[in-house]
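A short worksheet on the structure shown next.
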Amino acid sequence: MRDDYYPFVNLPLPYGYGAMEPYIDEKTMRVHHDGHLEAYISKLNAALKERPGLQMLPLAALVRGGALLGEEVARNAGGVYNHRFYFELLRNPADREPHGALRKAIERDFGGFAQFREEFKKAALSVFGSGYAWLAAERGRLAILTTGNQDNPLQRGMKPVLNVDVWEHAYYLKHQYRRADYIEDWFKIINWPRAESNFLG
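Heads up: the sequence shown begins at 34 in the working numbering, then just goes up one per residue.
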């Protein structure tokens, strides 16, 4: 769809700014979506303005291209993709655990949901500075990985399933330096049906 091509626009959130209360506060959602994501979109459009050969590529292709397409394109395409992905994977109220095919795959590849949850939180806490923790799929198998800044599993040939943004702007207004508390709150608002759709798609 055209929303995935240049010129990019900042799509509205699929819910109200305060919809994730009390886990993520309304002010953080406004700053995160209207400030940080908007800035990545503006910078990506500026980087593509003089590069007509790249303007016909969808966002995912720009992300896959990585540094080969130039630092400005790579960094800002990643910023747009990763933020959109993160926002779309939030839901309140939400099931606290996945079901269906994704649940079975998690149990197969991690030994159970509790083990997955522990490993994912450990990975998210391990990110030094800014970045993301991801649940991603490769040939039907699940893996947990981390990326710095705005890098993405697509650049490793993997399919993103779920991510948590651990840049400080995602949680600092409410949780300050307590990233672990933010991650615990984030686990309460995961859109598991959407994650399963990503896994199966």
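From the three backbone atoms N, C-alpha and C, an ideal C-beta is built for every residue, glycine too.
Ranking ALA93, ALA147 and LYS60 by CA distance to the CA of VAL106 puts ALA93 first. Below 8 Å, too few C-beta pairs join the segment 138-152 and the segment 63-70 to call them touching: fewer than three. By a beta-carbon distance limit of 8 Å, ALA157 contacts ILE216. Their separation comes to about 5 Å. Just measuring C-alpha positions, the residue of ASP198, GLY173 and ARG174 sitting nearest THR180 is ASP198. As computed with DSSP, GLU171 is found in a beta bridge with ARG174.
Judged by their CB atoms, GLU171 and GLY144 are not nearer to each other than the 8 Å cut-off.
DSSP, reduced to helix, strand and coil, places TYR165 within a strand of the structure shown. PHE153 is a Cβ neighbour of ALA166, given a cutoff of 8 Å. Distance from the CA atom of LYS192 to the CA atom of TYR210, rounded to whole angstroms, is 30 Å. Annotation: ASP37 is outside any beta strand (DSSP E) and is labelled neither H nor E by DSSP. Check the Cα spacing between PHE161 and each of GLU54, VAL194 and ARG212: the tightest is with ARG212. Taking the Cβ atoms as the reference, ARG108 lies roughly 12 Å from GLN188, outside the contact range of under 8 Å.
DSSP, read as helix, strand or coil, puts VAL194 in strand. By the CB criterion at 8 Å, TYR48 and VAL113 fall outside the cutoff.
DSSP, reduced to helix, strand and coil, places LEU122 outside both helices and strands of the structure shown, so it counts as coil. Taking each of ASN196, PRO91, LEU101 and TYR204 in turn and checking the Cα distance to ALA228, the smallest one comes out for ASN196.
Distance check between LEU206 and each of PRO55, SER159 and PRO45 places PRO55 closest, using alpha-carbon atoms only.
The continuous alpha helix (DSSP H) containing ILE74 extends over residues 71-82. In this structure, DSSP gives GLY181 an extended state, which the three-state scheme calls strand.
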